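Asks:
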């Protein structure tokens, strides 16, 4: 792959881009097949175990998990750590229950190379990228991501 095509493959997507998440393997060994997220809104958070800003934001993402589960909003976190063992230890130490995958070539092609972490990508149920949020967020702003959950019919 030439340098020009690498740059294109690693460019960050813009709002409105169609995002189709590939099949993924979580660090706990569970498999999410291709199509798992089809028709569902998804919050994708990029982070790393060594990032102090991520360390402050991840507890807020954890608080969002039960709210999201009740409302049909999916959460997927992507670690850019070099070693999966460090990620597993970090997740276990903090008792995080949000789904975690290691960054893959396929994910990098979709979301580009990270220039900042944490970073959140919001994908609507129709697969369109709704929002890109670089940097650490306040607790109330993370919890406000619940607004992307499907509207209840009742």
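Numbering (the numbering used here), first residue to last: 4 to 157.
Built from N, CA and C at the ideal position, the CB exists for glycine as well.
Note that the coordinates shown come from a computational prediction; the quantities given were computed from them, not determined experimentally.
Quick check on residue 93: does DSSP put it in helix, strand or coil?
Replies: Position 90 of the chain shown, counting from 1, holds the residue named residue 93. Residue 93 falls in the helix class under three-state DSSP.
Asks: Out of 35, 24 and 22, which has the shortest C-alpha to C-alpha gap to residue 102?
Replies: Indexing the chain shown from 1 puts residue 102 at position 99. Taking only the C-alpha atoms, the option nearest residue 102 is 35.
Asks: Between 82, 109 and 77, which lies nearest to residue 120 when the distance is taken from Cα to Cα?
Replies: Taking the first residue of the chain shown as position 1, residue 120 is located at position 117. Comparing Cα-Cα distances from residue 120 to each of 82, 109 and 77, the minimum goes to 82.
Asks: Do the region 45 to 58 and the region 73 to 87 make contact, defined as three or more Cβ pairs closer than 8 Å?
Replies: Touching, per the Cβ criterion.
Asks: Please list the segments of the alpha helix (DSSP H) lying wholly inside the region 56 to 130, counting only runs of 4 or more residues, in order along the chain.
Replies: As far as the region 56 to 130 is concerned, its whole alpha helix (DSSP H) runs of at least 4 residues are 87 to 97 and 108 to 114.
Asks: Is it the case that the region 65 to 72 contacts the region 123 to 134, given that we only count it when at least three CB pairs across the two stretches are under 8 Å?
Replies: The region 123 to 134 is not in contact with the region 65 to 72.
Asks: Report the start-end ranges of each beta strand (DSSP E) in the region 17 to 62 that is 3 residues or longer and not cut off at the edges.
Replies: DSSP runs (the beta strand (DSSP E)) wholly in the region 17 to 62: 45 to 50.
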